[in-house]
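The structure appears below as structure tokens.
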Amino acid sequence: MQELDDGVGVTLYVFPDEEGEDDLCTWCEGYLEGVLLSDADWYEHGKQDDVEEMLFPFMLLSGRMREAAEEAGDSVPSAEEERELRRGAAGSMGDSIMAVYNYWLDKRIAHAPVRRDGPKVGRNDPCPCGSGKKYKSCHGSSDTN
């Protein structure tokens, strides 16, 4: 978690698959299981298009995307197209993880309302800078901002 907080990414610990490549399929499957087990419903708290876009690499690499398309009777990419998609998703997995983290970080932070230090200055009140002019003619003017 500290690596994500520091913005340096995350270290994935994966074992090689039968071809000697990193087994991102199992890692992504585990990640998606964690999404399902989460107390927060991702689709309830996030925009559906954003959530689907964020989860696309995980769905693709886990094999769930192909399964879902086949179950729905949708067309599936050819083996070569899927290999290219998987290669791209695998190469940007760190970026995908950071995108998910940053998206939800903003939703986890309780944003406090902005409070003024002093009372609100009206347009016709004296300018707080001490010039003696009305605020609207001094620092409240669009010419000085």
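Take the sequence shown: its position 67, counting from 1, is numbered 228 in our numbering, and each next residue is one higher. All C-beta atoms, glycine included, are put in the ideal place defined by N, C-alpha and C.
Item: PRO274, buried or exposed, once every other Cβ within 10 Å from all chains shown has been counted against 16; Value: exposed
Item: For ASP183: DSSP bridge partner residues; Value: PRO177
Item: Delimiting residues of the alpha helix (DSSP H) encompassing VAL261; Value: 254-269
Item: N-terminal and C-terminal residue of the alpha helix (DSSP H) that VAL275 is part of; Value: Segment: none, VAL275 is in no alpha helix (DSSP H) and carries neither H nor E.
Item: DSSP-derived helix/strand/coil call for LYS294; Value: coil
Item: Beta-carbon proximity list for TYR264, same chain, < 8 Å, skipping 5 on both sides; Value: GLY207, ASP211, MET215
Item: Residues bridged to PRO287 (per DSSP); Value: LYS295
Item: Three-state secondary structure assigned by DSSP to GLY234; Value: coil
Item: For SER223 and GLY191, the rounded distance between their alpha carbons; Value: 9 Å
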